[in-house]
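These notes are about the structure you will find just below.
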Amino acid sequence: MTTTTHTQYILYKPKKGITWDNYEINDFIVGLLEIIEKSNQYFLVIANILERYKNPDNDSSSQYVRNRDLEDIVIRYPEIKDNTEKTKELIQLLNSLYSMSSQSIGDIRGKVLEAIIYKYGPKNFAISADTVRCLEAIISYETENNILGINNSDFDFTYHDSNGITSSIPDYIECKATIDGSVQVGVPMSDLKPGKLKKWDYAKSIFESLKKNAGIEPNIYLACLNSHIADVQEHVNLEGYSCVTILNNKEIFRLIR
C-alpha cells in the first residue's frame, strides 16, 4: 500500500530570512570557513578543540597546552599533517578566540557550527535550484495561520524543496556547540530545565504533526561538535525522542566532503 504525502502543503516563514546575510557572522568565523574549505580535515581539528576548550586562556601556559593539543590532533590526519602554514593560521585564529570572555567564546562556538551547517547542509538530499534554506522558520500546514509545533519554538535551519508533490523529505537541523548543553545521560528528559526541554518537545510535536497531516516523517537533527554521542542517542531514544537524530562531528564532516 502506497502512502500519499503532501509536502507541497508544508509552509515555511523564516524569522531571519533565507540567506546568511541575515545572520550574525564575523571575521573569525569567515577565517575558519576558509581554512575548512581549502582543507576539510581541519574541521575535525576545530571541532575537537571547540568541544574540549570552553573557557578563556588564563595565561600563556594554558594557551601553550591548547596549541600543543591542536598540533597533536593535526598529525592524525594525513591530508593536513604537513600543512604548517594553515596550522599556524588556525592557531592564531584560535588564540584570538580564547582571549575573549567566556560569554563571547560560548556565542562564537555556536555560531561556528551554525555557519558550517548552513554552508554544507542539508544532509539527505543534494542542493538544487529548488532547495530553500530558511533560518529559524515558522512551520505551518496549508495556511500560515495553521502553525505546527508547540511552545512557539523553531529549528535553526530548515531545508526543503519547492517543487511541489515531488519534493524531498525536508531536513530540519538544530545546532548546539556541545550536546551536554541540551541533554544529560541518566537525567530524565522531564527533569531538564524548561528552556532545554522546550526544543525537544518542539521537535517531537513537529514530527508527529507532519506525520499525521502530510504523511511524512521529517529528518530532524541535533548537530553538535562532540565526537562521541552514541550513549546520548540511546538515552534520547529511551526517553521517547527517537525522532531526533544527533549528528556528531564525524557526521558533519561527511557533509563537508
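Letter 19 of the sequence shown, counting from 1, is numbered 19 in full-length UniProt numbering, and no numbers are missing.
The beta carbon of each residue, even a glycine, is placed where N, CA and C say it ideally should be.
Here the structure is a predicted model, which means the values were calculated and not measured.
Original post:
Taking the Cβ atom as the reference point for each residue, do S102 and K54 lie within a distance shorter than 9 Å?
Top reply: yes
Original post:
Exposed or buried, which one is H228 when buried takes at least 16 other CB atoms within 10 Å?
Top reply: exposed
**OP:** Go through its chain and collect everything with a Cβ distance to I147's Cβ below 8 Å, but skip five positions before and after it.
**Re:** I138, I139 and S140
Original post:
So is D82 buried or exposed if we call it buried at 16+ other beta carbons inside 10 Å?
Top reply: exposed
Original post:
Among all the DSSP beta bridges, which residues are the ones paired with P14?
Top reply: DSSP lists A137 as the bridge partner or partners of P14.
Original post:
Taking the alpha-carbon positions, what's the P14 to H160 distance?
Top reply: Computed Cα separation, rounded: 12 Å.
Original post:
Over what stretch of residues does the alpha helix (DSSP H) that includes A230 continue unbroken?
Top reply: A230 to L238
**OP:** Compare the C-beta of L135 with all C-beta atoms of chain B and state if any pair is closer than 9 Å.
**Re:** Looking at the structure shown, chain B is missing, and only one protein chain is on hand.
Original post:
Nearest to D98 by alpha carbon, out of K204, G181 and F28?
Top reply: Correcting the residue identity first, residue 98 is Tyr in this sequence and not Asp. Relative to the Cα of Y98, the nearest Cα in the group K204, G181 and F28 belongs to F28.
**OP:** Going by CA-CA distance only, name the one from D156, Y12 and K198 that's closest to S182.
**Re:** K198
**OP:** Note the first and the last residue of the continuous alpha helix (DSSP H) segment covering V244.
**Re:** Note, V244: premise wrong, no alpha helix (DSSP H); beta strand (DSSP E) at V244 to L247.
**OP:** Report buried or exposed for N48, applying the criterion of at least 16 other Cβ atoms within 10 angstroms of its Cβ.
**Re:** Flag for N48 reads buried.
Original post:
So, L225 versus R109, is the Cβ gap smaller than 9 Å?
Top reply: yes
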